[in-house]
Amino acid sequence: MTKINTICCIGAGYVGGPTMAVIAQKCPEIKVVVVDINAERIAAWQTDDLPIYEPGLLEVVKEARGRNLFFSTDIDAAIEEAQMIFMSVNTPTKTYGLGKGRAADLKFVELSARRIAEVSKTDKIVVEKSTLPVRTAESIKTILSEYKNGVKFQVLSNPEFLAEGTAVNDLHYPDRVLIGGDQTPGGLEAIEALTDIYAHWVPREKIIQTRLWSSELSKLTANAFLAQRISSINSISALCEVTGADVDEVAYAIGTDSRIGPKFLKASVGFGGSCFQKDILNLVYLSEYFGLPEVAAYWDQVIIMNDYQKKRFARNIIHSLFNTVSGKKIALLGWAFKKDTNDTRESAAIYVADDLLSDLAEVSVYDPQVPASAMYADLNYLQTRPAAENKEMLKVHSDAYEACKDAHAIAIITEWDEFKTLDWQKIFDNMKKPAFLFDGRNILDHKQLKNMGFKIKAIGKGED
Ligand code: UDX
Ligand code: UDX
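Quick note on numbering: this note's numbering labels position 29 of the sequence shown as 36, and the sequence is numbered without any gaps.
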């Protein structure tokens with residue numbers, strides 16, 4: 008059986024970086040080279056100021072870096088040397104042409120596959136790590152087999168289930184590892200080779216082996232189910248607000264039913280992140296493509312509910328501030344799509360800010376990890392107004408107290424722990440009155456804040 012000594016990973020992002028760091032940490036005899044076209048990112052991986060913020064990651068990187076973990080921009084050399092190549096390039100939703108707004112853009116995956124085919128001189132196992140539409144492995148195989156230089160390729164699907172902010176723990180203690188491959192002797196051998204790597208630290212019974220397409224579809228399905236739970240509880244949060252029920256009580260009550268379970272039932276201003284929306288859009292696109300419009304419409308509703316939740320939150324702010332926010336300062340606490348990450352992809356903050364800016368509010372933001380440049384880039388991407396106007400109307404602060412000073416309202420967008428321990432009395436004293444607080448995550452002690460004088464509106468909490 009193939010014993011793997013050298014691995015290459017194309018894509019040094021949120022998935023490729025942490026995954027390879029942990030493989031290198033747990034398999035000291037395997038040389039792991041992470042490559043990327045972005046030289047700046049590669050340079051950052053070589054410092055103690057890593058390009059992504061992820062608790063515990065620096066310790067893992069430091070343990071393996073220079074020993075058997077390397078970061079490089081020499082993609083061809085790393086491909087040539089490796090027996091196994093992971094593809095962790097990004098697969099954004101297409102912004103043009105056929106499938107625009109829904110299908111995944113596989114440009115980077117295809118480019119990487121072509122590069123692998125051109126450069127390889129020895130047999131390789133190619134592992135899809137990026138989330139991809141079902142049957143992408145088939146396209147990768149087709150591309151690889153077109154190059155007739157006698158090299159044999161096996162393609163595996165090994166989807167990532169790590170969540171940002173807890174990536175290191177998720178990689179160390181996964182619920183399961185999924186490996187899909189061809190059910191041929193060569194395919195099964197490749198599956199075993201990858202199983203052996205994970206078996207360095209993951210119990211074998213947690214390593215699930217499937218056929219290729221089942222593995223690909225499982226990733227989309229897992230994310231669709233998780234996102235569906237959030238949209239379901241968010242739909243109930245709207246009902247709670249008008250009937251006076253408390254969504255956290257409802258979530259707790261239903262979560263104690265072991266058939267439902269307590270996780271992913273936290274009502275919020277809407278889910279974000281690079282995966283949920285993209286994967287569901289993918290599922291919708293696939294269902295339509297294969298002539299299943301009812302299936303497509305079913306999953307599309309999860310996205311519709313999420314968009315509604317973000318809009319509803321912004322509308323609530325405007326409505327509560329006497330139907331006008333024009334010229335009023337509104338502070339957003341948090342810009343990242345969840346706590347403990349600097350990732351802002353599809354964050355609800357972008358859409359809430361954009362809606363408030365369209366109503367001519369002065370928006371001020373504080374996030375402990377997200378730089379101002381990322382916030383402006385996120386807003387500019389929407390193209391609602393010229394970049395110069397975004398710059399003028401959105402102010403970014405490096406301190407929560409400054410962001411909230413003289414504000415008419417504060418909106419909690421991200422559940423950063425440090426927001427719980429702010430001096431809320433001081434914040435209240437420095438705000439315009441009446442001082443409104445919109446809690447999009449229900450992380451604060453509303454009773455205490457009400458006693459201080461805040462007017463509180465929280466997701467899924469009826470008036471009392
Ligand atoms: C991941 C997954 O791979 C994707 O499928 C998932 O749905 C979203 O998250 P992620 O690691 O988060 O991607 O993306 P990103 O942080 O953007 O990293 C991708 C890296 O690939 C970037 O650093 C980019 O420079 C690099 N890249 C891209 C290449 O090296 N070569 C290319 O051709 C394209
Ligand atoms: C997700 C999946 O969890 C992971 O398995 C997959 O590999 C990648 O996509 P990630 O997007 O990093 O991970 O974070 P996750 O913790 O799933 O949160 C996604 C979004 O849902 C965040 O905006 C989060 O705040 C929100 N969320 C999550 C809720 O609003 N309520 C919840 O109960 C849980």
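Glycine included, each C-beta is placed from N, C-alpha and C at the ideal position.
Which whole-angstrom value is the C-beta distance of residue i and residue j, which I expect to be below 8 angstroms?
i: Ile17; j: Ser95; result: 7 angstroms
i: Ala245; j: Arg319; result: 7 angstroms
i: Ile337; j: Ile324; result: 7 angstroms
i: Ala71; j: Ala31; result: 4 angstroms
i: Ile150; j: Arg121; result: 6 angstroms
i: Thr428; j: Ala343; result: Going by Cβ atoms, the distance from Thr428 to Ala343 rounds to 18 angstroms, so no, they are not a contact pair.
i: Ser79; j: Val40; result: 6 angstroms
i: Ala234; j: Val302; result: 16 angstroms between Cβ atoms; not a contact.
i: Thr26; j: Glu167; result: 7 angstroms
Answer with yes or no whether the minimum CB distance from residue i to chain E is below 8 angstroms.
i: Ile310; result: Here chain E cannot be found, since the structure has a single protein chain.
Please name the residue, chosen from the options, that lies closest to residue i on a Cα-to-Cα basis.
i: Lys464; options: Val254, Phe77, Val291 and Thr54; result: Val254
i: Lys345; options: Gly334, Thr191 and Gly277; result: Gly277
i: Ala77; options: Thr102, Arg48, Pro375 and Lys402; result: Looking at the sequence itself, residue 77 is Phe, so the reference to Ala does not match. Nearest C-alpha to Phe77: Arg48.
i: Phe510; options: Arg142, Leu113 and Val67; result: Coverage of the chain is limited to positions 8 through 471, which leaves residue 510 absent and any answer about it impossible.
i: Val332; options: Arg266, Glu353 and Lys439; result: Lys439
i: Gly23; options: Thr98, Phe426, Leu233 and Glu153; result: Thr98
i: Lys335; options: Pro269, Arg352 and Asp413; result: Asp413
i: Leu456; options: Phe443, Lys468, Arg448 and Gly447; result: Phe443
i: Leu118; options: Leu169, Ser242, Asp43 and Gly268; result: Asp43
i: Val162; options: Lys213, Val302, Thr263 and Gly193; result: Gly193
i: Asp112; options: Arg266, Ala229 and Leu288; result: Leu288
i: Asn156; options: Lys131, Ala144, Glu145 and Ile419; result: Lys131
i: Gln390; options: Asp452, Asp361, Leu367 and Tyr408; result: Asp361
i: Pro375; options: His326, Trp423 and Gly460; result: Trp423
i: Lys10; options: Glu196, Gly469, Asn313 and Asp182; result: Glu196
i: Arg352; options: Asn75, Asp55 and Thr100; result: Thr100
i: Gly251; options: Glu470, Ile37, Val29 and Ala28; result: Glu470
i: Lys213; options: Pro181, Thr348 and His326; result: Pro181
i: His445; options: Leu451, Asn458, Gly460 and Ile419; result: The displayed chain sequence assigns Phe, not His, to residue 445. Cα-wise, what sits closest to Phe445 is Ile419.
i: Asp347; options: Arg266, His326 and Glu425; result: Glu425
i: Thr191; options: Ser152, Leu219, Asn449 and Lys114; result: Leu219
i: Asn330; options: Glu248, Tyr315, Asp366 and Asn313; result: Asp366
i: Ile237; options: Thr102, Gly279 and Ala260; result: Gly279
Note down, in chain order, each residue of its chain lying with its Cβ closer than 8 angstroms to the Cβ of residue i, except the 5 sequence neighbours on either side.
i: Asn165; result: Phe93, Val134, Glu135, Lys136, Val184, Leu185, Ile186, Gly187, Leu201 and Ser222
i: Asn397; result: Leu364, Tyr383, Leu386 and Asn387
Checking the sheet assignment: what are the DSSP bridge partners for residue i?
i: Lys464; result: Phe445
i: Val41; result: Cys16 and Phe78
i: Gly187; result: Ser164 and Thr217
i: Ala368; result: Answer by DSSP bridge pairing: none, since Ala368 is not bridged.
i: Leu339; result: Val372 and Ala418
i: Glu88; result: According to DSSP, Glu88 bridges with nothing at all.
i: Met94; result: Ile17 and Glu135
i: Val403; result: Val372
i: Thr143; result: DSSP, once it has assigned bridges, lists no residue as partnering Thr143.
i: Asp253; result: Lys468
i: Arg72; result: Leu76
i: Thr100; result: Ala111
Just to confirm my understanding: we take residue i, look at its own chain, exclude 5 residues before and 5 after, and list those with CB closer than 7 angstroms. What are they?
i: Pro441; result: Lys462
i: Cys34; result: Ile204 and His207
i: Tyr21; result: Ile59, Glu171 and Asp350
i: Leu224; result: Val141
i: Leu328; result: Lys335, His415, Ala416 and Phe443
i: Tyr154; result: Ala124 and Glu125
i: Gly460; result: Phe435 and Ala442
i: Ala28; result: Leu64, Val67, Val68, Ala71 and Leu76
i: Leu178; result: Pro25, Thr26, Val29 and Leu169
If I measure Cβ to Cβ from residue i and keep anything under 6 angstroms in the same chain, skipping five residues before and after, which residues do I get?
i: Cys411; result: Ala338, Ile417 and Ile434
i: Leu290; result: Leu227, Ala231 and Trp306
i: Thr394; result: Correcting the residue type first, residue 394 is Ala in the shown sequence and not Thr. Same-chain partners within the cutoff: Asn387.
i: Tyr358; result: Lys317
i: Gln53; result: Phe78
i: Gln216; result: Ile186 and Ile198
i: Asn437; result: Lys412
i: Ile147; result: Ala120 and Val162
i: Ala274; result: Ile240, Asn241, Ser244, Val254, Ile466 and Gly467
i: Phe269; result: Note on identity: in this sequence residue 269 is Pro, with Phe being the wrong assignment. Same-chain partners within the cutoff: Gly262.
i: Arg392; result: none
query = Is there contact between the stretch 86 to 104 and the stretch 126 to 134, where contact requires at least three CB pairs shorter than 8 angstroms?
reply = Taking 8 angstroms as the limit for Cβ pairs, the verdict is that the stretch 126 to 134 does touch the stretch 86 to 104.
request  = Say whether the stretch 279 to 296 touches the stretch 207 to 220, bearing in mind that this needs 3 or more beta-carbon pairs closer than 8 angstroms, one atom from each stretch.
outcome  = Look at the beta carbons and you see the stretch 279 to 296 not touching the stretch 207 to 220: under three pairs across the two are nearer than 8 angstroms.
key: Given 8 angstroms, three or more beta-carbon pairs between the stretch 358 to 372 and the stretch 398 to 409   = yes
inquiry  = Counting beta carbon pairs with one atom in the stretch 57 to 69 and one in the stretch 165 to 176, are three or more of them shorter than 8 angstroms?
reply    = yes
message = Three Cβ pairs or more, each shorter than 8 angstroms: is that satisfied between the stretch 255 to 263 and the stretch 101 to 110?
response = no
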